[in-house]
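Shown next, in structure tokens, is the structure this report addresses.
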Amino acid sequence: MARKFLVSRVALAVALSSGLAVVAATPAVAAKKEKAGATNFSPEFVKVAAPIQKAMADATAKISGGQATPENLAAAKQAFDAGVGGDGKAVFQNAVGTATTPDDKSALGSMMRNYGIISQDLALKQQGNMLLLESGKLDAAAVGSTNYDAGVTAYQMKDYPNSAKYLKAAKDAGYVDSSGQLDLVLADAYKRSNNPQAALQMAKDDIAAAQAKGAARPNPRCATFCSRPTPQSSSDRRPNMRPCWRSTIPAPGTLPFRSCASSPRCRVTRTSISCA
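Counting from 1, position 77 in the sequence shown corresponds to residue 106 in my numbering; the numbering is continuous, with no gaps.
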């Protein structure tokens, strides 16, 4: 129960701390740049997106000091809605059909994601993430961070299969989150989507990567933590067994994983991690 709470709390904190400062360039300016071959915005999108961009600039100006407090978010949403005539979400949904080029999708996705954060609408925020990824306009660093944000957002929405999909993409892209929670949330998403085989494979891959880098060292505590069976009840409180109670396969980043799976002496099976 404690671990479930920790993962949910971390996922929420990460999502709400996502930057609001990154706003797409105004479509009007982008249209001028198109002459130099820098961008390719469709005329239909430029027309629809111009008031959205202006309203978003007014909204983000309400985020005092970049702090996403409830008061700042409410003020930002109110400013945006007023700027587009009342219903910000409807304006974004109507704009989707005009976003036909990669640059259109990138600009709209960025603004839609920001409005999803401001309005605390996870579904809209995720739709913005999807447009950003679909656009193909993200640089290598942004691909990892956007997949991570999409994975965390999907986790918050209890869409665990897609959470695992995007978190795995972030991990494969080499993204490292500042809170160090990617592996933990990914392992839990695998578990909640009934895919323990993927969680096991992730553990094996992490062990192999650590050993390849020479980071894994024989750990004398491995036998202490892993050689005995998992306790059958909460009354079985032998100290040497307690660290393995959390799960049969300890999640990456946890004490049992570091103590057991990091040792090259350990053997990973479908149901346990034990010493060779």
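Note that beta-carbon positions come from the ideal geometry of N, C-alpha and C, so glycine has one too.
Given this structure, state the Cα-to-Cα distance separating residue i from residue j, to the nearest angstrom.
i    : j    : result
D188 : D217 : 12 Å
A88  : D201 : 34 Å
A170 : L229 : 27 Å
A104 : Q226 : 46 Å
A16  : A238 : What is shown of the chain runs 30 to 305, which leaves residue 16 out entirely.
Q74  : D234 : A small correction: the amino acid at residue 74 is Phe; Gln does not occupy that position in the sequence shown. So the two alpha carbons sit approximately 44 Å from each other.
I81  : Y204 : 31 Å
Q240 : V181 : 29 Å
A86  : A136 : 13 Å
K134 : Q107 : 24 Å
A193 : G209 : 16 Å
N101 : Y219 : 35 Å
N143 : P190 : 24 Å
Q155 : A183 : 7 Å
F109 : V120 : 11 Å
A252 : T175 : Residue placement at A252 is flagged as unreliable, the pLDDT there being 35, under the threshold of 50; a coordinate-derived value is accordingly withheld.
R221 : D206 : 21 Å
I236 : P99  : 42 Å
State the start and end residues of the unbroken alpha helix (DSSP H) segment that holds residue i.
i    : result
D188 : Counting along the chain, D188 falls outside any alpha helix (DSSP H), and DSSP gives it neither H nor E.
A108 : P99 to V113
G126 : Unbroken run through G126: none, as it is neither H nor E.
Are the CB atoms of residue i and residue j nearer to each other than 9 Å?
i    : j    : result
E163 : G138 : yes
L160 : V125 : yes
L151 : Q122 : no
G165 : A199 : no
M231 : L215 : yes
S71  : K118 : no
A111 : A84  : yes
L196 : Y177 : yes
D168 : T68  : no
G157 : M141 : yes
T127 : K76  : yes
Report yes if the C-beta of residue i is less than 8 Å from at least one heavy atom of the ligand PLP; otherwise report no.
i    : result
A171 : Ligands are entirely absent from the displayed structure, and the ligand PLP is therefore not among its contents.
I need the DSSP call for residue i, collapsed to helix, strand or coil.
i    : result
S292 : Confidence is the limiting factor: at S292 the pLDDT is only 43, short of 50, which leaves the residue's position unreliable and the question unanswerable from this model.
V205 : coil
Q96  : coil
F121 : helix
F89  : The amino acid at residue 89 is misidentified as Phe; the sequence shows Thr. Here T89 sits in helix by DSSP.
D116 : coil
K242 : coil
S135 : helix
A67  : coil
Q210 : coil
A79  : helix
L215 : helix
Does chain D have any CB closer than 9 Å to the CB of residue i?
i    : result
Q156 : This model lacks chain D altogether, as it is built from one protein chain only.
Continuous alpha helix (DSSP H) assignments of at least 4 residues falling wholly in the stretch 142–198: Qualifying alpha helix (DSSP H) stretches, in chain order: 151–164 and 169–185.
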